[in-house]
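Chains as they are written, first to last, in my numbering: chain S, -15 to 389; chain A, 7 to 242. A quick write-up on the structure given underneath.
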Ligand SMILES: Nc1ncnc2c1ncn2[C@@H]1O[C@H](COP(=O)(O)OP(=O)(O)OP(=O)(O)O)[C@@H](O)[C@H]1O
Ligand SMILES: [Mg+2]
C-alpha cells in the first residue's frame, strides 16, 4: 500500500476530528455493549451450569423436580418436606452408591441460608469442573455450636474466625425469631466458589437441631430427618436405574432428579429472555453501524471537491477508494479498541460487585474467540460502510471528472 | 539536436468523438487541436459548447469514443482508465476555476500533491523529500506565497489560485491546463497570476491551454481558438 495514501487518509481524519470521534464513539459504544452483555450472559450461564457437578442425583420428599433442585442447590424456592434419616442411610449403603451428602435447610442468618450437613459435604461436593470445596481459614465444623461460613457471608458480614453468631429458625432475618440462647462460633471460612455455597452458613446436623431447642450431645447422635440429600453413584450407567428405584420407593414418597437435566430445563425457561437480550444487543450494534455508515456518507458530500482535486493530480478511482476505506477502517478499528477496552475495564471493575451481590463470577470474562469474531465483524462492517461512499466517490471521479463546481 | 527536426506538439487532439450518454446520438466532435511546447493557447466559446468536456478528454478523465489524443508524445486515447490517470499524473498540471486546494493540507503539502501520483514528476522535482520540499517552496515563492505552513483554507482566493498554479508546475510537467482559472479573481490578481504562469511556460517550454470567457486576457496568449470553429455537437 502506498504510504502517501495512508498519510492523506490520516491527515484527512485529523482535519475532521469531531465527526471522526463521534463515529468512533458510536462504534465504541456498540462494541462495548455487545461484548459486555455477551460476557455477562456467558458468565451467568457458566455460573449456572457450574453450580453443581459430580452429583448424580438430588433426592428429596415427593415434590416438583425443579423445586427440589432450586431449593437444594440454589437455596431458592419453597421449603421441602423432610426425608427420613433411615432412607438416607439405606441409600448410602446401596451397593451402587458411592456417597451421599445429607442436607438440612430451612434456617437463616441475616438473609443467608443455614445448611446442616456433615463432613461428607466437604469431601464429595463438587462444583465447576470437578472442583471441591476448600476451607480457606480454620477448620470444618466439629461440634454442634460451630459454624463454617461461605466466602461471601464472611466477607459481606465482616465475620472472622472466633466470632459468635446467632442462627434463627425460619428464614426471617429480623431479630424476633432469633433463638438467642446458643451462639455458634465461626471455626472456618470456605474459599470462594462463585456458587450459592459462598452464601451459605454451614453447621452440623446436630447444630440444626440445636437451633430449634436444647440438644443432648452424645457420640451416636443421628437426626430424625433431613431436607434432601445428594447422591454420587459408583458408575454413571446405574444413575437412571437408581433414579427409578428411588422415585418408586414404597416406604417413603421420594423425588430423585438428575441435576444436569433439571438445570438445562431451568435454563430453557430463561432461554427466551436470553434471546431477547441477544436481539437487543444485536440491534444496538446494528444501529451503531448504520450510524457509522450515515456519518461516512454525509461527510462524503462535503468532500467531493477534495476528491476531484486528487483525481486532477492523477489519483486513480481506486486510490480514492483506498483513502476512504482506510479512513473508515482506522475509525472503526479505533472505536473497536476503545469499546473493547471499556468493556473489559467495566467488567473487571464490576466483577467484585457482581460477585458479592449476584454470586456472578465472570470466568468467561477473558478475551476469547467471541472477541475475535466481534473485531472481524466490526472491521468488516466498517469496510463495507466505507466502500459505499468509496464506490460513490469512484463513480463521481469518472462521471463528474474535473468540472469545477 | 538538429534544428530542422519537427518538434512534436505538447498535446494534440484529432478527430475526437465523445458521448456522455452512450445511448444518445448527441456526440461531441472535435476536428483538430494542438498546443506546441512553449506555446500559450486561449480556448474561448459560449457556455455549454464543450470547453470543459474537451479538457476532460485531453486530461484523460473522460474516455474518447474514437480519434487520437496525445500528450507529450504519448497516447491518451485508447488507454485504460488507470493508464490515463498515470499519464495525467505525469504529464499534466491542472488548475480549477476555484477551490483548488485540499483544505486540510498546508500550501506546501498541496504543492507536493502534484508529485504524489507520479514518480517521474517527483524525481524531476527533487532527489529526496527535502529537495522536493525546497522545490515546492521555491515555486510558491515565485507566486508570491511565503506563508507556506498555515491551513490552505485560510488563504485568500487569489492566493489559493496561485498555490494551485504552483502545484500544476511542480515537477515541471510538459502541459499546463486551466479551466477559467482567474474567473474569481480581480484584475490585479489575474494579471499577477498569468504573468507568473506565462513566465514559467516560456522558461520551461511548457504547453499551456487555458479556457476563459475573459477576452481581455487574449493579448497575453500566442493564439486564441474559438471552440465552435474546431468542434460541434450532434449526430455523426
Ligand atoms: N457529466 C455530464 N454528464 C452529461 N452531460 C454533461 C456532463 N457534463 C457536461 N455535460 C453537457 O455537455 C455539454 C458541454 O458541457 P461543458 O461543461 O463541456 O461546457 P462548457 O463549454 O465548459 O460550459 P461553461 O462555459 O459553462 O463551463 C453541456 O450540454 C452539458 O450539459
Ligand atoms: Mg466549463
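Don't be surprised by glycine CBs; every beta carbon is placed ideally from N, CA and C. These numbers come from a predicted model, not from an experiment.
Continuous alpha helix (DSSP H) stretch holding residue 256/S: start and end: 243 to 285
Partners in chain A for residue 253/S, counting only beta-carbon separations shorter than 7 Å: Going along chain A, no residue has its Cβ under 7 Å from residue 253/S, so there is no contact; the nearest lies around 57 Å.
Distance cut-off 6 Å: residue 292/S Cβ against heavy atoms of ligand 2: no
Local conformation of residue 28/A per DSSP, three classes: coil
Beta-bridge pairing of residue 232/A - partner residues as DSSP gives them: 50/A
Through-space distance from residue 78/S to residue 212/S, alpha-carbon basis: 17 Å
Residues that residue 247/A contacts on chain S, provided the C-beta gap is smaller than 7 Å: One cannot answer for residue 247/A here, as it falls past the ends of chain A, which runs 7 to 242.
Proximity test, Cβ basis, 7 Å: residue 365/S and chain A: no
heavy atom of ligand 1 below 6 Å from residue 29/A C-beta: no
Cβ distance (whole Å) where residue 94/A is taken to contact residue 66/A below 8 Å: 5 Å
Distance cut-off 6 Å: residue 58/A Cβ against heavy atoms of ligand 2: yes
Ligand 1 heavy atom lying under 6 Å from the CB of residue 53/A: Residue 53/A: yes, Cβ under 6 Å from ligand 1.
Three-state class that DSSP yields for residue 115/S in the structure shown: Judged by DSSP in its simplified three-state form, residue 115/S adopts strand.
Residues near residue 51/A in its chain [Cβ-Cβ closer than 7 Å; skip 5 each side]: 57, 232, 233, 234
Through-space distance from residue 135/A to residue 225/A, alpha-carbon basis: 39 Å
Per DSSP, the bridge partner or partners of residue 130/S: BP columns for residue 130/S point to 169/S.
Backbone CA spacing between residue 282/S and residue 376/S [nearest angstrom]: 12 Å
Residue 160/A versus residue 108/A: straight-line alpha-carbon distance, rounded: 11 Å
For residue 148/S and residue 316/S, the rounded distance between their alpha carbons: 58 Å
Near ligand 1: residue 26/A beta-carbon under 6 Å from a heavy atom: True, at least one ligand heavy atom lies under 6 Å from that Cβ.
Partner residues on chain A for residue 140/S, Cβ-Cβ distance less than 9 Å: None at all; the shortest Cβ gap to chain A is about 56 Å.
Length of the line joining the Cα atoms of residue 288/S and residue 361/S: 29 Å
Distance, residue 59/A Cα to residue 238/A Cα: 12 Å
Buried or exposed (CB count within 10 angstroms, at least 16 for buried), residue 103/S: By the Cβ neighbour-count rule, residue 103/S is exposed, with fewer than 16 other Cβ atoms within 10 Å of its own.
Terminal residues of the beta strand (DSSP E) in which residue 237/A lies: 237 to 240 is the span of the beta strand (DSSP E), which, as asked, contains residue 237/A.
DSSP bridge partner residues for residue 101/S (one or two, in chain order): Beta-bridge pairing by DSSP links residue 101/S to 188/S.
Nearest-angstrom Cβ-Cβ length linking residue 61/S and residue 54/S, presumed shorter than 8 Å: 4 Å
Against chain A: residues of the stretch 286 to 315 of chain S by CB proximity under 8 Å: When CB distances to chain A are screened at a threshold of 8 Å, the residues of the stretch 286 to 315 of chain S falling below it are 289, 290, 292, 293, 294, 295, 296, 297, 298, 299, 300, 301, 302, 303, in chain order.
Cβ neighbours of residue 124/S in the same chain (closer than 7 Å, five flanking residues each side left out): 103, 106, 132, 172
Near-chain S residues of the stretch 120 to 137 of chain A - C-beta to any C-beta below 8 Å: 120, 122, 123, 124
Neighbour-count burial assignment, residue 152/S, 16 or more Cβ in a 10 Å radius: buried
Beta strand (DSSP E) segment containing residue 44/S, residue limits: 41 to 45
Neighbouring residues, chain S, relative to residue 83/A (Cβ below 9 Å): By Cβ distance, chain S contributes nothing, its closest Cβ being about 16 Å from residue 83/A, past 9 Å.
Contact check, residue 47/S vs residue 232/S, beta carbons under 7 Å: No, these two residues do not count as a Cβ contact at 7 Å.
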